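Residue numbers (full-length UniProt numbering): 1 to 398.
First the structure, in the form of structure tokens, and then the observations on it.
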């Protein structure tokens with residue numbers, strides 16, 4: 001094979017990649033960042049008798065019995081309606097898939113952090129999770145963030161990104177520690193004085209942050225290993241059940257045992273009959289297999305589910321049968337490609353519409369941090385997904 005020297009453009013890209021810091025971890029604020037703000041701070045200050053221009057959590061007010069009681073009471077009330085910020089779950093899943101650590105530094109209490117982890121957070125626990133009850137000084141003093149950097153054994157605080165919604169607290173906190181900073185401005189809390197306080201990254205929803213992190217940092221991620229993306233010959237049906245499912249032969253399927261109808265044809269990592277039926281768009285076969293107890297979310301070749309294969313091919317009747325049968329529309333494959341990404345990239349508008357109508361998240365992220373709206377050449381599909389994103393975010397922020 002003839003080897004060619006890299007072009008100047010390729011050398012420049014390689015140099016740029018080498019100069020990017022490695023992303024070792026992301027530290028989040030909680031209220032207004034990972035959770036939708038639901039505390040009336042004006043009322044809190046009024047009830048506590050604290051002047052609005054002062055910090056209610058400052059040392060002198062922590063010694064005030066009335067102020068402490070009001071803060072604890074109102075925060076306990078707020079826990080009943082605490083909700084995850086749109087894009088938080090998708091960003092957390094993206095970071096976890098890339099092996100990036102996540103931590104929390106918040107002015108909320110230990111009780112609220114525990115409630116958050118138990119009731120709202122379905123990814124790996126944020127660790128460490130430092131609340132106002134810890135011994136560390138409050139933000140924007142950088143001590144807690146520097147402590148996290150030590151725990152993570154980072155080479156430089158540039159390998160850490162601090163994410164929050166307050167320029168004065170969160171961005172200043174990150175900058176004081178020497179970390180990269182990202183500001184979330186949903187429009188409900190305008191940046192103070194229109195300023196970002198020098199945040200390197202500014203987003204209006206958390207899902208947007210993934211692509212910016214992907215472009216600003218290096219990732220030591222198994223998802224980026226070339227071997228994962230090497231071309232491989234596609235499989236063919238290898239069992240009687242797989243062949244019958246691929247052909248849509250319901251009579252042949254009905255003659256087989258439930259064990260054979262549910263089995264991976266070549267062991268884990270190979271396709272099930274349900275996946276073959278979805279690949280070829282056979283809705284009646286899908287319905288039969290689901291009635292026989294087939295796992296609607298089984299992962300096959302390259303980690304693809306039946307929903308992924310039906311979405312990729314644009315088989316809407318098959319997709320409808322799967323979703324009616326309880327299949328999850330948001331299960332990614334081994335490459336972090338979701339059914340919605342497949343439908344959008346392969347220009348299957350009816351499949352896109354169906355996935356969105358049936359509750360699929362419009363904010364799911366591929367390995368590069370893109371939503372499906374950034375992964376399609378069709379303007380109408382892009383607009384539909386972006387409209388769904390706006391509705392999804394607006395509902396959460398009501």
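For glycine and all other residues, C-beta sits at the position ideal for the given N, C-alpha and C.
Being a predicted model, the structure only gives us computed values, none of them experimental.
Assigned exposure category for residue i - 16 Cβ within 10 Å defines buried
i, result
"residue 107", "buried"
"residue 227", "exposed"
"residue 395", "exposed"
"residue 281", "buried"
"residue 122", "exposed"
"residue 372", "buried"
"residue 229", "exposed"
"residue 232", "exposed"
"residue 192", "Residue placement at residue 192 cannot be trusted, given a pLDDT of 49 that sits under 50; the coordinates are not used to answer."
"residue 19", "exposed"
"residue 73", "exposed"
"residue 46", "exposed"
"residue 398", "exposed"
"residue 131", "buried"
"residue 379", "exposed"
"residue 133", "exposed"
"residue 81", "exposed"
"residue 119", "exposed"
"residue 390", "exposed"
Which listed residue (the options) has its alpha carbon closest to that of residue i
i, options, result
"residue 90", "239, 368, 217, 398", "368"
"residue 381", "352, 357, 392", "352"
"residue 404", "146, 346, 330", "The requested residue 404 does not occur in the structure, where the chain is confined to residues 1 to 398."
"residue 370", "213, 349, 387", "213"
"residue 255", "289, 267, 269", "289"
"residue 265", "250, 246, 283", "246"
"residue 83", "55, 321, 115, 65", "115"
"residue 338", "310, 269, 244, 321", "310"
"residue 322", "305, 92, 150, 335", "305"
"residue 313", "219, 325, 179, 350", "350"
"residue 268", "300, 248, 388", "300"
First through last residue of the alpha helix (DSSP H) which encompasses residue i
i, result
"residue 184", "Careful: residue 184 lies outside any alpha helix (DSSP H), inside the beta strand (DSSP E) at 180–184."
"residue 42", "41–48"
"residue 174", "172–177"
"residue 74", "65–79"
"residue 208", "207–216"
"residue 258", "258–262"
"residue 389", "379–397"
"residue 308", "306–313"
"residue 335", "Per DSSP, residue 335 belongs to no alpha helix (DSSP H) and is neither H nor E."
"residue 374", "No alpha helix (DSSP H) contains residue 374, which DSSP labels as neither H nor E."
"residue 291", "283–291"
"residue 112", "110–119"
Boundaries (first-last residue) of the beta strand (DSSP E) holding residue i
i, result
"residue 102", "101–105"
"residue 201", "201–203"
"residue 160", "160–164"
"residue 28", "25–28"
Pair within 8 Å by beta-carbon distance, residue i and residue j
i, j, result
"residue 273", "residue 241", "yes"
"residue 205", "residue 172", "no"
"residue 136", "residue 210", "no"
"residue 276", "residue 234", "no"
"residue 303", "residue 330", "no"
"residue 363", "residue 341", "no"
"residue 105", "residue 29", "yes"
"residue 286", "residue 298", "no"
"residue 160", "residue 25", "yes"
"residue 156", "residue 332", "no"
"residue 200", "residue 181", "yes"
"residue 71", "residue 44", "yes"
"residue 292", "residue 327", "no"
"residue 148", "residue 92", "no"
"residue 140", "residue 169", "yes"
"residue 179", "residue 336", "no"
Within-8 Å CB hit, residue i to chain B
i, result
"residue 271", "Checking the listed chains, one finds no chain B in this structure; it contains a single protein chain."
Contacts around residue i, its chain only, beta-carbon distance under 7 Å, and the 5 residues preceding and following it disregarded
i, result
"residue 33", "85, 163, 164, 165, 184"
"residue 142", "173, 176, 177"
Other residues of its chain near residue i: CB distance less than 6 Å, five sequence neighbours each side excluded
i, result
"residue 99", "221"
"residue 374", "none"
"residue 283", "317, 318, 321"
"residue 88", "34, 206"
"residue 252", "244"
"residue 144", "105, 130, 136"
"residue 344", "352, 372, 375, 376, 381"
"residue 218", "20, 22"
Close beta carbons around residue i, own chain, < 8 Å, minus the five adjacent residues each side
i, result
"residue 75", "39, 108, 109, 111, 112"
"residue 294", "261, 262, 272, 273, 274"
"residue 16", "Confidence is the limiting factor: at residue 16 the pLDDT is only 48, short of 50, which leaves the residue's position unreliable, though a coordinate-based value still follows. Hits under 8 Å: none found."
"residue 203", "182, 183, 184, 185, 209, 212"
Check: residue i C-beta below 7 Å from any heavy atom of the ligand SAM
i, result
"residue 345", "Of the ligands one can find in the structure shown there are none, so the ligand SAM has no counterpart to examine."
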